[in-house]
Amino acid sequence: MTQQTLTAAPTVQLAAGTHMPLIGFGTHPLRGAEATEAVLHALQTGYRSVDTATRYQNQDAVGEALRRTDVPREEVFATTKLPPDSVGYEFQTLHASLKALGTDYVDLWLMHWPPGGSAGVSAWKQLVRAREKGLVRAIGVSNYQLRLLDQLHAETGVYPEVAQLQWSPVHFSARYLSGCAERGVVVGAHSPFRSARLDDPSLAAIAQAHGASVTQVIVRWNVQHGVAVVPKSAHQDRMATNLDVMWFELSETEMKTIDDLSELE
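When we follow my numbering, the leftmost residue of the sequence shown carries the number 291, and every step to the right adds one.
Structure (structure tokens):
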């Protein structure tokens, strides 16, 4: 790969003290050798955060990349997720993830969805135990509403450190973002481009003003909001473009313009 390694993404400190990069590499739906090669290229490009999940069926491929890369394990922030149908089998699932990834711990373990639409308190207690045992460095949830975060806290005294959800200019919620901040929860963004309407004239105008791409503007918008974003691409040039966003800054007016593209109430 000829791409020069880019400057590492800024990080945010999570509630238990772990530092998480604000730009990571998403691996869904990559599998097998394609996933391994993509993660290897991402790490070589400069990514230091990799997002996978039990349901993605690619943890072994990600683990192969972690084994083959020259980047030390302690420099890679590895995230995986517990599927809701594994409630009651949390530690068995976690140990399977650790084996597939070839590591003694994961940096962030998320509950992938609310099990049966509930907060999943029993499972959350097991995530807290896993953090206490050092098998995971940080714990969180994915696709959770604020009221479910509060229910977890009410039952255990522990808020998730990260709340990941589909998040793009179309899905922006000032209420959710501020609500998480008040609770000490970092918002994570998956699928940042899928529903973003990349041909939106407002995004195009902002990108042109900075000499950047629309996807770079979206990643930078997330970073400036303190949102941890995990764009996915198997293309090396796009990997580099999505990571290379620290050379420009969006103004307050531009940030509000992007916020206002949201279709959420």
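We put the beta carbon where it would ideally sit given N, CA and C, even for glycine.
Taking a contact as a CB-CB distance under 8 angstroms, the pair Ala351 and Asp397 does not count as one, their CB atoms being some 18 angstroms apart. Within the stretch 400 to 476, the complete beta strand (DSSP E) segments at least 3 residues long are 426 to 432, 452 to 456, listed from N- to C-terminus.
Residue nearest to Gly406 within the set Val431, Ala386, Trp399, Asp375 is Asp375 (criterion: CA-CA distance). Minimum Cα-Cα distance from His443 among the listed residues Cys470, Pro459, Thr297, Val509 corresponds to Cys470. Annotation for Leu554: no alpha helix (DSSP H) segment contains it, and DSSP assigns it neither H nor E.
Pairing Tyr449 with Gln303, the inter-Cα distance amounts to about 15 angstroms. Contact between the stretch 502 to 516 and the stretch 322 to 337 is absent: fewer than 3 CB-CB pairs across the two stretches fall below 8 angstroms. If you draw a 10 Å sphere on the C-beta of Ser408, you find fewer than 16 other C-beta atoms in it, and that means exposed. For Met310, the enclosing beta strand (DSSP E) covers residues 309 to 311.
With respect to the C-alpha of Ser481, the residue from Ala495, Ala518, Ala464 having the closest C-alpha is Ala518. With contacts defined as CB atoms closer than 8 angstroms, Val452 and Gly430 qualify as a contacting pair. Counting only runs of 4 or more residues that sit fully inside the stretch 347 to 401, the alpha helix (DSSP H) segments are 349 to 358, 380 to 391, in chain order. Residue nearest to Pro319 within the set Ser523, Leu356, Glu542, Glu553 is Ser523 (criterion: CA-CA distance).
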